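Single-structure report; data block below.
Residue numbers (my numbering): 148 to 243.
Below, the structure is given as C-alpha coordinates:
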(Lines of atoms letter the chains of each structure in order from A and count residues from 1; the text may use other names and numbers.)
(Lines give C-alpha, C1' and ligand atoms only; values in the text may rest on other atoms or scores of the structure.)
Protein backbone atom coordinates (compact mmCIF):
# COMPACT_ATOMS: atom_id res chain seq x y z
CA UNK A 1 0.00 0.00 0.00
CA UNK A 2 1.26 3.49 -0.81
CA UNK A 3 0.01 6.77 0.61
CA UNK A 4 1.36 9.14 -2.03
CA UNK A 5 0.06 12.33 -0.45
CA UNK A 6 -1.42 12.94 2.98
CA UNK A 7 -1.38 16.69 3.40
CA UNK A 8 -2.91 19.88 4.66
CA UNK A 9 -1.48 23.40 4.72
CA UNK A 10 0.78 22.60 7.73
CA UNK A 11 2.22 19.16 6.93
CA UNK A 12 2.89 16.83 3.99
CA UNK A 13 3.50 13.12 4.43
CA UNK A 14 4.07 10.19 2.09
CA UNK A 15 4.21 6.60 3.35
CA UNK A 16 5.15 3.20 1.95
CA UNK A 17 3.51 0.26 3.73
CA UNK A 18 4.81 -3.30 3.64
CA UNK A 19 2.03 -5.86 3.07
CA UNK A 20 1.79 -9.64 3.12
CA UNK A 21 1.19 -11.21 -0.30
CA UNK A 22 -2.35 -10.71 -1.63
CA UNK A 23 -4.82 -13.56 -1.44
CA UNK A 24 -7.55 -13.35 -4.09
CA UNK A 25 -6.52 -9.71 -4.76
CA UNK A 26 -6.95 -8.82 -1.07
CA UNK A 27 -4.24 -7.92 1.43
CA UNK A 28 -4.87 -9.37 4.88
CA UNK A 29 -2.10 -7.42 6.61
CA UNK A 30 -0.12 -4.21 5.99
CA UNK A 31 2.16 -2.58 8.53
CA UNK A 32 0.23 0.26 10.13
CA UNK A 33 3.04 2.79 10.57
CA UNK A 34 4.86 2.11 7.35
CA UNK A 35 7.95 3.93 6.19
CA UNK A 36 6.84 7.53 6.43
CA UNK A 37 8.59 10.67 5.36
CA UNK A 38 7.14 13.98 6.45
CA UNK A 39 7.81 17.71 6.36
CA UNK A 40 7.19 17.84 10.13
CA UNK A 41 10.80 16.80 10.80
CA UNK A 42 12.08 20.13 9.44
CA UNK A 43 10.37 23.13 11.04
CA UNK A 44 10.82 25.56 8.13
CA UNK A 45 10.07 23.11 5.29
CA UNK A 46 6.34 23.47 4.64
CA UNK A 47 3.54 25.67 5.85
CA UNK A 48 1.50 28.81 5.29
CA UNK A 49 3.71 31.87 4.90
CA UNK A 50 6.92 33.12 3.35
CA UNK A 51 9.02 31.85 6.30
CA UNK A 52 8.58 28.31 4.93
CA UNK A 53 10.59 26.84 2.07
CA UNK A 54 7.30 25.61 0.55
CA UNK A 55 4.66 28.30 1.20
CA UNK A 56 1.30 26.51 1.14
CA UNK A 57 -0.57 29.76 0.49
CA UNK A 58 0.77 29.53 -3.10
CA UNK A 59 0.71 26.73 -5.71
CA UNK A 60 3.52 24.16 -5.65
CA UNK A 61 4.35 21.01 -7.60
CA UNK A 62 4.59 17.46 -6.25
CA UNK A 63 6.64 14.80 -8.03
CA UNK A 64 6.69 11.19 -6.89
CA UNK A 65 9.24 8.73 -8.26
CA UNK A 66 9.09 5.00 -7.61
CA UNK A 67 12.57 3.51 -7.21
CA UNK A 68 13.32 -0.07 -8.13
CA UNK A 69 16.17 -2.50 -7.78
CA UNK A 70 16.24 -5.38 -10.27
CA UNK A 71 12.63 -4.65 -11.18
CA UNK A 72 11.39 -4.72 -7.56
CA UNK A 73 10.07 -1.64 -5.77
CA UNK A 74 12.84 -0.50 -3.42
CA UNK A 75 11.66 2.94 -2.38
CA UNK A 76 10.00 6.18 -3.29
CA UNK A 77 11.14 9.78 -3.63
CA UNK A 78 8.77 12.73 -3.23
CA UNK A 79 9.89 16.21 -4.24
CA UNK A 80 7.91 19.37 -3.51
CA UNK A 81 8.88 22.34 -5.74
CA UNK A 82 7.98 26.00 -5.65
CA UNK A 83 9.67 28.96 -7.36
CA UNK A 84 13.14 27.38 -7.48
CA UNK A 85 12.93 25.92 -3.95
CA UNK A 86 12.41 22.26 -3.12
CA UNK A 87 11.94 19.77 -0.29
CA UNK A 88 12.83 16.12 -0.89
CA UNK A 89 11.51 13.15 1.06
CA UNK A 90 13.48 9.94 0.46
CA UNK A 91 12.05 6.49 1.10
CA UNK A 92 15.18 4.58 0.11
CA UNK A 93 15.72 2.67 3.36
CA UNK A 94 12.28 1.09 3.76
CA UNK A 95 13.53 -2.47 3.34
CA UNK A 96 15.55 -2.24 6.55
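Yeah, the Cβ is synthetic: ideal placement off N, Cα and C, and Gly gets one too.
A quick note: this is a predicted structure, and the numbers were derived from the prediction, not measured.
- Under the DSSP assignment, residue 189 falls outside any beta strand (DSSP E); it carries neither an H nor an E label.
- As computed with DSSP, residue 235 is found in a beta bridge with 226.
- At the C-beta level, residue 207 and residue 228 come within 8 Å of one another.
- Nearest neighbour of residue 183 by Cα position, chosen from 198, 149 and 232, turns out to be 149.
- Straight across, the Cα-Cα distance linking residue 173 with residue 167 is about 10 Å.
- By the criterion of a C-beta distance shorter than 6 Å, residue 211 is surrounded in its chain by 151 and 225, once the five residues flanking it on both sides are discounted.
- When the beta-carbon positions are compared, residue 223 and residue 205 stay at least 8 Å from each other.
- In chain order, 226 place their CB closer than 6 Å to the CB of residue 235, counting only its own chain and leaving out the 5 sequence neighbours on each side.
- Here residue 176 is exposed. Its C-beta has fewer than 16 other C-beta atoms within 10 Å.
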